[in-house]
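Encoded as structure tokens, the structure appears first; notes follow it.
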Amino acid sequence: SQQGEEDPQALSIQEGENATMNCSYKTSINNLQWYRQNSGRGLVHLILIRSNEREKHSGRLRVTLDTSKKSSSLLITASRAADTASYFCATGDNAGGTSYGKLTFGQGTILTVHP
Amino acid sequence: EAQVTQNPRYLITVTGKKLTVTCSQNMNHEYMSWYRQDPGLGLRQIYYSMNVEVTDKGDVPEGYKVSRKEKRNFPLILESPSPNQTSLYFCASSRGQWAKPNSPLHFGNGTRLTVT
Chain A
1 SQQGEEDPQA LSIQEGENAT MNCSYKTSIN NLQWYRQNSG RGLVHLILIR
51 SNEREKHSGR LRVTLDTSKK SSSLLITASR AADTASYFCA TGDNAGGTSY
101 GKLTFGQGTI LTVHP
Chain B
1001 EAQVTQNPRY LITVTGKKLT VTCSQNMNHE YMSWYRQDPG LGLRQIYYSM
1051 NVEVTDKGDV PEGYKVSRKE KRNFPLILES PSPNQTSLYF CASSRGQWAK
1101 PNSPLHFGNG TRLTVT
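Chains as they are written, first to last, in my numbering: chain A, 1 to 115; chain B, 1001 to 1116.
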């Protein structure tokens, strides 16, 4: 599997419900970021969590990071129809050298929130 | 307004006809990068640049060229496009990667390229 794989690939929920998306990765990371993409548009940065952090909040978003399991989760609480989008995790490589500063993206989770 | 501007948004061309996709950012960012997005493959990095006159290959550089003569501009050049380069392309930038590794990326709105 690839670095930064999201699960599930697609998620369909009703407005008001919580949405949880997971991301797994393979190598040592410097940080992990979550991005959102509305259909066919550019990605928008949501939140960054560093490798020494375990949880971070931003508004209705809650991100956790478990470096021992090499996994992260993104929770969107009280979802809205406007949250419908694709969500990507991206891992920042900690290997140094030419990969310093490189972000590797997963394939994303398509979230659909029904009104 | 801080932004990354790509042009054109849509481009249809024929095999072998050289083309350039422009990218410009107004945030004085040192780091710039090009990605392509394909169904089932996610975002893959084509080339990136740590600073002016410094460029390096990403994961899928074959068939592409870039240049970084000025800090704000990072054009993507396809010397001889082929149908397998049909894709959605994104330019992105962020603050200096040396001082602040993996700073959040700011993306352009994308260029949808079709090569027939």
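Where a beta carbon is used, it is the ideal one built from N, C-alpha and C, also for glycine. Please read these numbers as outputs of a predicted model, since none were measured by experiment.
Check	Outcome
C-beta contact flag for lysine 1069 of chain B and asparagine 1028 of chain B at 9 Å	no
Environment of glycine 1110 of chain B [buried if 16+ CB atoms lie within 10 Å]	buried
is_contact[histidine 57 of chain A, chain B] using C-beta, thresh 9 Å	no
Other residues of its chain near threonine 1114 of chain B: CB distance less than 6 Å, five sequence neighbours each side excluded	Ile1012 and Thr1086
Own chain partners of glutamate 55 of chain A with C-beta closer than 6 Å, once the 5 adjacent residues on each side are dropped	Thr64
Cut-off 7 Å between Cβ atoms - residues of its own chain near threonine 84 of chain A, not counting five sequence neighbours on either side	Leu111, Thr112 and Val113
N- and C-terminal bounds of the beta strand (DSSP E) containing glutamine 37 of chain A	29–37
Beta-carbon proximity check, asparagine 18 of chain A vs threonine 77 of chain A, cutoff 9 Å	yes
Paired residues, beta bridge with glutamate 6 of chain A - DSSP	A:Cys23
Near-chain A residues of the stretch 1012–1031 of chain B (beta-carbon distance less than 9 Å), N- to C-terminal order	Tyr1031
Contacting positions in the stretch 1065–1076 of chain B - beta carbon closer than 7 Å to chain A	none
Candidates B:Asp1056, B:Glu1001 and B:Pro1061: closest to methionine 1032 of chain B by CA position	B:Asp1056
Any chain A beta carbon closer than 9 Å to alanine 1002 of chain B	no
Rounded separation between serine 99 of chain A and asparagine 1051 of chain B - CA only	Reliability fails at serine 99 of chain A, whose pLDDT of 45 lies under 50, so the model's placement of it is uncertain and no value is given.
Neighbour list for proline 1008 of chain B in chain A, Cβ cutoff strictly below 9 Å	What proline 1008 of chain B touches in chain A: nothing, since even the nearest Cβ is about 14 Å away.
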